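Contents: one structure, followed by commentary.
Numbering (this note's numbering), first residue to last: 22 to 267.
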């Protein structure tokens, strides 16, 4: 977590209004392991994240899901795809996910389940480089990777305005930035770039293949036309003084 401070006397720094998540909601601890509730942390779900998938009663309450006795109803899984919907402004959150997992430990093939609700997902804090390692990083990830806190500091230096005789005040902006979030965003941009390159390469290969097929088709048609013309019989007819029929 990185912090940056900026002070401005007599001025209030304008900030974009954001819905600040409740820092006490969406996470819980079971025997020393911290979990992030998918229904709260849906905005940070990304393709490739390791998760735990609830396979128990679909009507189970949050309390039942968090009960240690329900541990076996959570399957280790992987987010294969995340379908996101747009909220206000540019904010997005996961509306459904495609998840792959092994139904049984001795299975060779994974099961792919589509349209999984985030309420059936939980993240194990710090269990993978793609996941936040601390609750503070998790909270900042919900805020888009950074948070700006305004602190009004009245008469911080004991300075009195000579013209008014009043104490001065200043506003300090403390900006918290999650380096983990920035790293994840960089990895995401890299994956998208690699995907675009792969799609471009595939498109070009299809174009080359189509052109080669067209050229082969033309060459075959040309060869067929030459085969229909009997060069030797035409030459013999010409020697005998006969007119070759075409």
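Ideal Cβ positions, reconstructed from N, Cα and C, are used throughout, including at glycine.
This structure is a prediction, so every number in the text was calculated from the model and none was measured.
| Item | Value |
| --- | --- |
| When 104, 150, 142 are compared against residue 62, the one with the closest alpha-carbon | 142 |
| C-alpha distance - residue 136 paired with residue 240, whole-angstrom precision | 50 Å |
| Where residue 25 sits in the DSSP three-state scheme | Here the model assigns residue 25 a pLDDT of 48, short of 50, so the residue's position is not dependable, and the following value carries that caveat. In the structure shown, residue 25 sits in a strand (DSSP, three-state: E or B). |
| Continuous beta strand (DSSP E) stretch holding residue 143: start and end | 142-145 |
| Where residue 158 falls, given that 16 or more other Cβ within 10 Å makes a residue buried | buried |
| Bridge partners - residue 104, DSSP secondary structure assignment | 117 |
| Rounded C-alpha distance that separates residue 79 from residue 235 | 55 Å |
| Cβ distance (whole Å) where residue 98 is taken to contact residue 72 below 8 Å | 5 Å |
| Beta-carbon spacing of residue 144, residue 74 below 7 Å | no |
| Counted within 10 angstroms of its Cβ, other Cβ atoms place residue 162 as buried (16 or more) or exposed | buried |
| Through-space distance from residue 68 to residue 212, alpha-carbon basis | 10 Å |
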